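First to last, the sequence lines map onto chains R and S. Going by this note's numbering, the first sequence opens with residue 718, and the numbers climb by one from there. Going by this note's numbering, the second sequence opens with residue 2, and the numbers climb by one from there.
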Amino acid sequence: MSPITPIIDTCVQPHFRYNAEIRRYLPPAHQLRSIPDVEQQWYQAPGGDYRQDLYGEHYPGSDPETVSRHLFDDTGSHTRVAYAILNPLTRGNIADYLLNTQICAAVNDWLLDRWLEPDTTNRFRGTIRVNPEDPKGAVAEIERLAAHPKLVQVGVPMQSREPYGKPVFEPIWEAAAAHGLPVAVHINGGNGVDHPPTFAGHAHTYPGYAAFMPLNYFVHLATLIVEGVFGRHPDLKFVFADGGYDILTPLMWRLDTFWLSMRDQTPWVDRYPSEYLPGHVRFCWSAFDGPMQAGDMRRWLDFTAKSDLLMYGSSYPHWSMSTPEVAASDLRGLDEAQRDNVFWRNASELYGLKERV
Amino acid sequence: MLERRWVCSLDELPPGSMKLVDVGKFGVGVFNVRGVLYAIANYCSHEGAPLCMGLIGGTTESAPESPGGIRRVRDGQIIRCPWHNWEFDITTGQNVADPRRRVHTYQIDVSDGEVYLTA
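Here it is in structure tokens:
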């Protein structure tokens, strides 16, 4: 195989060393409130959500030096990972939305304190986690941290009681776009007040949950287009961090078809819905996506020009993580330009990471 | 081969009405839009439905400052396909959503109060 170099890993989940560590970063008024643990969910991967060899005295993915070694050094001779985008989990859509906003702020302060500011190699970039159920608090958190040069995106949970195209959320997206920050939507940890996680309701096993939960992104995406959010905010960009791009094409065909018939109900959508994708939408790689046969991948990605939308992300330390070499093997049918797009160029342009790539 | 043919007298085609002319395989609809005559193929560019049998009305455009966000425009010059609701502007033959998906238009002229179609 020809060398894969350089690489931007757009999806890494750093963790607290232990669940209670977050309390050091909470303000005194919230320090003693009960907060769900990261893995406190109805659906648990057998053996835990994270790669089993990473569980130890502390949580998987919680030691910056170990994570650096795994991401940047132990990647084999073919690859060079230039940057990793850290997107930590928060603790679910907690009913007390003001508490949840403080949890997001605590996660952000921790990320700066333990990961971004000590990183002299300048390879980690981070996420401003905000709570969309508290739009005012979310905007304030973006304003507090947007100027930090190592914070390159805003992060929100996939789980939401309303689709993200609803007007209540628009001030958050407006603030993100004003600061040039993409919004990453990522399945959250912890436990909160959520809708059933799949379109078939509550799955009864973990595989049912894990197979379908990532597809919820389409509800957010469809409403962002149809309710005109992308149209009103030309600089707004969304990243769907759990993949799901394998179902993008047929669902966009459906949106395009209905728009041709009933455009008059949403005249602010002034182009085919699929035409919003290149300017507004990116996906992180997921091991679950795409055809079973690697030979079919090229054809599948060509529909809807998905290799322009896709960015490699390892999902480290999740149990289903993909190393660059595994991802490259799955993508071996792509030509060199498409592969460069997926492994670094799309992310480099989205996040403005130009050095070293 | 284009041929100029008589349609009806102008009195029989008041504003807001349509006359279907039996020409070619699918026919051509002649419309009076606010006193001006237009003609389009009776064949939707989507799946070939009898387009001219659809409802004549207006369409909408975005009006961000108004409460409903929508403004009604082009009243009387839009026809909606009876099969899948595609909208076409009778005056241009263009699909409202995607102007590239147009239907054919034809020449109309009026002489001595009689309407002629060249199709």
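Ideal Cβ positions, reconstructed from N, Cα and C, are used throughout, including at glycine. This one's a predicted model, so the numbers in the text were calculated from it and none came from an experiment.
Length-filtered (4 minimum) alpha helix (DSSP H) runs lying within the region 841-905 of chain R: Complete alpha helix (DSSP H) runs here, min 4: 852-862 and 887-895.
Proximity test, Cβ basis, 8 Å: H105 of chain S and chain R: No, no contact with chain R.
Cutoff 8 Å: D981 of chain R Cβ touching any chain S Cβ: Yes, its Cβ sits closer than 8 Å to a Cβ of chain S.
Three-state secondary structure (DSSP) of T1141 of chain R: The question about residue 1141 of chain R has no answer here: the residues shown for chain R are numbered 718 through 1074.
Any chain S beta carbon closer than 8 Å to W976 of chain R: By this cut-off, W976 of chain R is an interface position.
Assigned exposure category for G1069 of chain R - 16 Cβ within 10 Å defines buried: Exposed, by the Cβ-count rule.
Interface flag, E48 of chain S vs chain R, CB-CB below 8 Å: No, because no Cβ of chain R sits closer than 8 Å to the Cβ of E48 of chain S.
Chain S within 8 Å of P880 of chain R, Cβ atoms only: So no, P880 of chain R is outside the interface.
Check whether F1060 of chain R and L1026 of chain R have beta carbons under 8 Å apart: Contact: no.
Under the three-state DSSP convention, the category V956 of chain R falls into: V956 of chain R: strand per DSSP, three-state reduction.
N-terminal and C-terminal residue of the alpha helix (DSSP H) that C821 of chain R is part of: Per DSSP, the continuous alpha helix (DSSP H) segment holding C821 of chain R begins and ends at Y814 to W827.
Beta bridge counterpart(s) of N96 of chain S as assigned by DSSP: BP columns for N96 of chain S point to S:F89.
Under 8 Å between C-beta atoms of D851 of chain R and Y742 of chain R: Not in contact: D851 of chain R and Y742 of chain R (Cβ atoms no closer than 8 Å).
Interface residues of chain R facing I41 of chain S [CB-CB closer than 9 Å]: For a Cβ distance threshold of 9 Å, nothing in chain R lies close to I41 of chain S: the least Cβ distance comes to about 18 Å.
Exposed unless 16 or more other CB atoms sit within 10 angstroms - verdict on K26 of chain S: Per the 10 Å Cβ criterion, exposed.
Inter-residue Cα distance where the pair is A1136 of chain R and L833 of chain R: The question about residue 1136 of chain R has no answer here: the residues shown for chain R are numbered 718 through 1074.
Helix, strand or coil at R129 of chain S according to DSSP, with G and I counted as helix: Outside the shown range of chain S (2 to 120) lies residue 129 of chain S, about which nothing can therefore be said.
Distance, V936 of chain R Cα to D770 of chain R Cα: It is roughly 35 Å from the alpha-carbon of D770 of chain R to the alpha-carbon of V936 of chain R.
Residue range of the unbroken beta strand (DSSP E) whose run includes Q108 of chain S: That run of the beta strand (DSSP E) goes T106 to S112.
C815 of chain R versus D726 of chain R: straight-line alpha-carbon distance, rounded: Note that residue 815 of chain R is Leu in the sequence shown, not Cys. Here the C-alpha atom of L815 of chain R lies approximately 32 Å from the C-alpha atom of D726 of chain R.
Test item: CB-CB of I802 of chain R and R842 of chain R under 8 Å: Yes; because the gap between Cβ atoms is below 8 Å, this pair is in contact.
V37 of chain S in three-state terms, based on DSSP: Strand, per DSSP.
With 16 other Cβ atoms within 10 Å as the buried cut-off, status of K853 of chain R: Exposed: under 16 other Cβ atoms inside 10 Å.
Residue closest to D90 of chain S, alpha-carbon to alpha-carbon, out of S:A120, S:T61, S:D23 and S:V22: Of the listed residues, the one whose Cα sits closest to D90 of chain S is S:T61.
Within 8 Å, strictly: CB atoms of P1034 of chain R and Y767 of chain R: Cβ distance < 8 Å, so P1034 of chain R and Y767 of chain R count as in contact.
Coarse secondary structure for M2 of chain S, derived from DSSP in three states: Coil, per DSSP.
Sequence-distant residues of the same chain with beta carbon closer than 6 Å to L868 of chain R, five excluded per side: Counting only Cβ-Cβ distances below 6 Å, and skipping sequence neighbours, we find G843, I845 and L862.
Reference P763 of chain R, options R:Q982, R:A864, R:T922 and R:L994, closest by Cα: Out of R:Q982, R:A864, R:T922 and R:L994, the CA that lies nearest to the CA of P763 of chain R is found in R:T922.
Any C-beta of chain S under 8 Å from that of W970 of chain R: It does not: the Cβ of W970 of chain R has no partner Cβ on chain S nearer than 8 Å.
Contact set between the region 980-1009 of chain R and chain S, restricted to residues whose Cβ is under 8 Å from the partner: Of all residues in the region 980-1009 of chain R, those with a C-beta nearer than 8 Å to a C-beta of chain S are R980, D981, Q982, P984, W985, D987 and Y989, reading in chain order.
For P781 of chain R and R831 of chain R, believed in contact at Cβ under 8 Å, the rounded distance: Indeed they touch by this definition, with Cβ atoms about 7 Å apart.
Beta carbon proximity, G70 of chain S to chain R, threshold 8 Å: True, the Cβ-Cβ gap to chain R drops below 8 Å.
Own chain residues within Cβ distance below 7 Å of M54 of chain S, not counting five before or after: Excluding sequence neighbours, M54 of chain S sits near P83.
Classification of V943 of chain R by the beta-carbon crowding that lies within 10 angstroms, buried from 16 upward: Its Cβ being crowded by 16 or more others within 10 Å, V943 of chain R is buried.
C-alpha gap between I739 of chain R and C728 of chain R, whole angstroms: Their backbone Cα atoms lie some 21 Å apart in a straight line.
Residues sharing a beta bridge with Y1033 of chain R, DSSP: Bridge pairing for Y1033 of chain R: R:V729 [DSSP].
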